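Novice: My questions will all concern the structure given below.
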Amino acid sequence: MTLLLSAHDLQLQAADGRVLLNGISLQVAAGEIVGIIGANGAGKSSLLKVLAGIKPAQQGQVQVAGQDAQRLAPLQRARLQGYLEQRPVLHWPLQVQQVVALARLAFGDSEAPTGTAAIDTALAAIGISELAEREFLQLSEGEKLLVNLARVLAGEPQLLLADEPTAALDPAHQHWVMQLLRERARQNLGVLVVLHDLTLAARYCDRLLLLHEGSVLAAGTTDAVLTDTNLRRAFGIDATLDLATRTVIIHSPA
Amino acid sequence: MKLSSLLLILVAVLWLIELSSGVSGISISVALADWWHGHNSVARIILFEVRLPRACLALMAGAALAISGAALQGLLRNPLASPDILGVSQTAALAAVCVLYFGFSQLAWFVLPLAALSGAALAVVFLLQLTRRLASTQSLILAGIALTALTSALITFALNYAPNPYALQEVYFWMLGSVANRSLAEVWLALPFFVIGTALLLSSHRCLDALSLGEDTAATLGFPLSHYRWRLIVGVACNVGAAVAVSGSIGFVGLIVPHVLRPLVKGQPGQLLWWSLPGGSALVLLADVIVQHLPGTQELQLGVLTALLGGPFFLWLLLRQRS
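Taken in sequence, the protein lines are chains A and B.
Each residue of the first sequence is one higher than the one before, counting from 181 in this note's numbering.
Each residue of the second sequence is one higher than the one before, counting from 69 in this note's numbering.
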């Protein structure tokens, strides 16, 4: 399997000295979905921002597609990986297709046939071709998230980093998005996804990384990570993974 | 017809009208014929030494201020940003007044524009730092108003101690903004800064497009602001510095032009940079033609007219933002 993302011993501190990430290592290979889970403030989004190249870590190494991320030019890196932010923002009144076309900036071909084909394919894959001419800012939060997902796919990345891509969606769309990621993973996309919904994590991820106060509490297969003990320590809840339905059942707060 | 062709035709027509405007009723064709035959006539002198510099400076100052406004709006992601509203032009003017006041402008030809450029750069850096602390659009505008008030007070303070009343009057009129009574030397003075600044800004157009999605996502699209910040700051500073050094403070051009053109380029900040150039030239040329044709014993300063247009426009934008 091709290793698309490899991080080793990442350390990150906030300006006030608080430890945000403490010695985190992880790997994502082509064709797999790795989930990052953890309570609020555990460091999930900070980790994703470091891995996406938005925040520099104070210590540690990141490799993207076998290359040292620090030596990769920003445009080169943008052609390899896509980043889906938690809350989509847009500062100007652009149309949906213009927003999706921003993914082709790194290729410089948003007006060329290769670029427009990638944009149309991504819109069709997400099923939002009919929104192409609509103004992005007029859409619902859920629709905005789908547009941003189309934007990331239009960049045809090898690796996708997604920060809570299902947060603003109804249950049906949550499963639809995760199934889409699963389908893309089958086509060799590597996915690293931050999730709050433990059932989604149990059903769709190949491996999980459970963060607790900036450190890795557990890492491995979903069954190995989603144990009663780990869930109690990380979230302070009594919960069990039902292996038959792959659903995390919460009994009560611990 | 395409927007680009329409704007370019409009600029060309206004430029020719500007060349034909003036108190002395000379004929352009006669002046050109004199120039062609090497005759040193009055018509030729008026055309080449009075009207041509004025028309060129209107063209350049308008383009420089409009592209700076478009770039600032894209960089700060704030539709109310413009060099004069945020105090960038006034800080450039303060630096220029200091250089004029102490006589440093005599040292070398580039000292005056360089001082204005440095003042503008300092203001943009200050505003960029503020955007990290002040999240809302209104807070940044208020900070710009404070910066404008401070720099205006410092300019007045400097003028209070002006060596002679003529110097005071000269600086006062210069600050109102005008392209009248300039020479070709001033065109050559501003041109290199305008060319460099515009090249820097246009080369950042894709970064401004990416910034539409915010700084974080722009970085993941291959356009980290850390790589482009200085290019944009120096680009704005060169343009505002060049415009202020030769034409004083012509206000609101950087606000009005990007706003009028934004719907025509479907909101794309990168494309807006390109079309702000002819858009700004058209607005300043039009305003300068109007001031020359207004009745009155003394010609109205160009900056006064743009402020008369821009002030209500700014208020309308503020009200629209609120709603």
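Glycine included, C-beta positions come from ideal geometry on N, C-alpha and C.
Predicted model only: the values in this text are computed from it and were never measured.
Grouping DSSP H, G and I as helix and E and B as strand, with all else coil, what is I308 (chain A)?
Specialist: Along the first sequence, one-based indexing puts residue 308 (chain A) at 128. Of the three classes helix, strand and coil, the one that applies to I308 (chain A) here is coil, per DSSP.
Novice: Spell out the partners DSSP gives I216 (chain A) in its beta bridges.
Specialist: If you number the first sequence from 1, residue 216 (chain A) lands on position 36. According to DSSP, I216 (chain A) bridges with A:V374, A:L389.
Novice: Tell me the residue span of the beta strand (DSSP E) that contains Y263 (chain A).
Specialist: The sequence position of residue 263 (chain A) within the first sequence is 83, counting from 1. Segment 261 to 264, the beta strand (DSSP E) holding Y263 (chain A).
Novice: What residue range is occupied by the uninterrupted beta strand (DSSP E) comprising D350 (chain A)?
Specialist: Here the question's residue 350 (chain A) lines up with position 170 in the first sequence. It is not in any beta strand (DSSP E) - D350 (chain A) carries neither H nor E in the DSSP assignment.
Novice: Does DSSP put N228 (chain B) in a helix, a strand or coil?
Specialist: Looking up residue 228 (chain B) in the second sequence gives position 160. DSSP places N228 (chain B) in helix when its eight states are reduced to three.
Novice: Distance check for L270 (chain A) and M128 (chain B), CA to CA, integer angstroms please.
Specialist: For the purposes of this step, residue 128 (chain B) is taken as the residue at position 60 of the second sequence. For the purposes of this step, residue 270 (chain A) is taken as the residue at position 90 of the first sequence. Using only the alpha carbons, I get a separation of about 32 Å.
Novice: Which residue marks the beginning of the alpha helix (DSSP H) containing T159 (chain B), and which one marks its end?
Specialist: For the purposes of this step, residue 159 (chain B) is identified with residue 91 of the second sequence, where counting begins at 1. 156 to 169 is the span of the alpha helix (DSSP H), which, as asked, contains T159 (chain B).
Novice: Is there a C-beta anywhere in chain A that falls below 8 Å from the one on G290 (chain B)?
Specialist: Here residue 290 (chain B) refers to the residue found at position 222 of the second sequence. Yes, G290 (chain B) counts as interfacial toward chain A.
Novice: Taking the straight line between their C-alpha atoms, what separation do you get for H188 (chain A) and P268 (chain A)?
Specialist: Position 8 of the first sequence holds residue 188 (chain A). Position 88 of the first sequence holds residue 268 (chain A). Taking the straight line from one Cα to the other gives about 29 Å.
Novice: So for D284 (chain B), helix, strand or coil by DSSP?
Specialist: What you label residue 284 (chain B) is simply residue 216 of the second sequence in a count that begins at 1. Note: D284 (chain B) maps to helix in three-state DSSP.
Novice: What is the rounded straight-line gap between the Cα of V314 (chain B) and the Cα of C166 (chain B)?
Specialist: Numbered from 1 along the second sequence, position 246 holds the residue referred to as residue 314 (chain B). Numbered from 1 along the second sequence, position 98 holds the residue referred to as residue 166 (chain B). Cα to Cα, V314 (chain B) sits roughly 15 Å from C166 (chain B).
Novice: Give, in chain order, every residue of the segment 327 to 348 of chain B whose Cβ lies closer than 7 Å to some Cβ of chain A.
Specialist: Per Cβ criterion, the list reads K334, G335, Q336, P337.
Novice: Quick check on H431 (chain A) - is its C-beta less than 8 Å from some C-beta in chain B?
Specialist: In the first sequence, the residue the question calls residue 431 (chain A) occupies position 251. No, no contact with chain B.
Novice: State the Cα-Cα distance for the pair Q207 (chain A) and A286 (chain B), rounded to the nearest angstrom.
Specialist: Residue numbering aside, residue 207 (chain A) sits at position 27 when the first sequence is read from its first letter. Residue numbering aside, residue 286 (chain B) sits at position 218 when the second sequence is read from its first letter. Cα to Cα, Q207 (chain A) sits roughly 25 Å from A286 (chain B).
Novice: Quick one: residues in its chain with C-beta nearer than 7 Å to the C-beta of V359 (chain B), no 5 flanking neighbours on either side, listed in chain order?
Specialist: Your numbering for residue 359 (chain B) matches position 291 in the second sequence. Once the five neighbours on either side are set aside, the close Cβ partners of V359 (chain B) are E367, L368, L370, L373.
Novice: On the DSSP bridge list, what partners appear for H188 (chain A)?
Specialist: Translated into positions along the first sequence, residue 188 (chain A) becomes position 8. Note: H188 (chain A) sits in a beta bridge opposite A:Q241.
Novice: Mark R122 (chain B) as exposed unless 16 or more other C-beta atoms lie within 10 angstroms of its C-beta, in which case mark it buried.
Specialist: As a working note, residue 122 (chain B) is residue 54 in the second sequence. So R122 (chain B) ends up on the buried side.
Novice: Keeping to the same chain, check which residues put their C-beta closer than 8 Å to that of L345 (chain B); ignore five residues upstream and five downstream.
Specialist: Here residue 345 (chain B) refers to the residue found at position 277 of the second sequence. Same-chain partners within the cutoff: A131, A134, I135, T266.
Novice: Would you say G197 (chain A) touches the ligand COA, meaning its beta carbon is less than 7 Å from a heavy atom?
Specialist: With respect to the ligand COA, the structure offers nothing, as it holds no ligand at all.
Novice: Under 8 Å Cβ-Cβ, which residues of chain B neighbour P122 (chain A)?
Specialist: Residue 122 (chain A) lies beyond the stretch modelled for chain A, which goes from 181 to 434, so this question has no answer here.
Novice: Along the chain, where does the alpha helix (DSSP H) containing H273 (chain B) start, and where does it finish?
Specialist: By one-based count along the second sequence, residue 273 (chain B) stands at place 205. Unbroken alpha helix (DSSP H) run through H273 (chain B): 273 to 278.
Novice: Using the C-alpha atoms, what's the distance from I209 (chain B) back to H431 (chain A)?
Specialist: The residue you call residue 431 (chain A) lines up with position 251 of the first sequence. The residue you call residue 209 (chain B) lines up with position 141 of the second sequence. The alpha-carbon atoms of H431 (chain A) and I209 (chain B) are separated by roughly 52 Å.
Novice: Throw me the rounded Cβ distance for the L168 (chain B) and V255 (chain B) pair, which I believe falls under 8 Å.
Specialist: Counted from its first residue, the second sequence places residue 168 (chain B) at position 100. Counted from its first residue, the second sequence places residue 255 (chain B) at position 187. In fact, because the Cβ distance is near 19 Å, the residues do not count as touching under 8 Å.
Novice: Looking only at DSSP bridge pairs, what is L340 (chain A) linked to?
Specialist: Numbered from 1 along the first sequence, position 160 holds the residue referred to as residue 340 (chain A). Paired residues: A:G262, A:V371.
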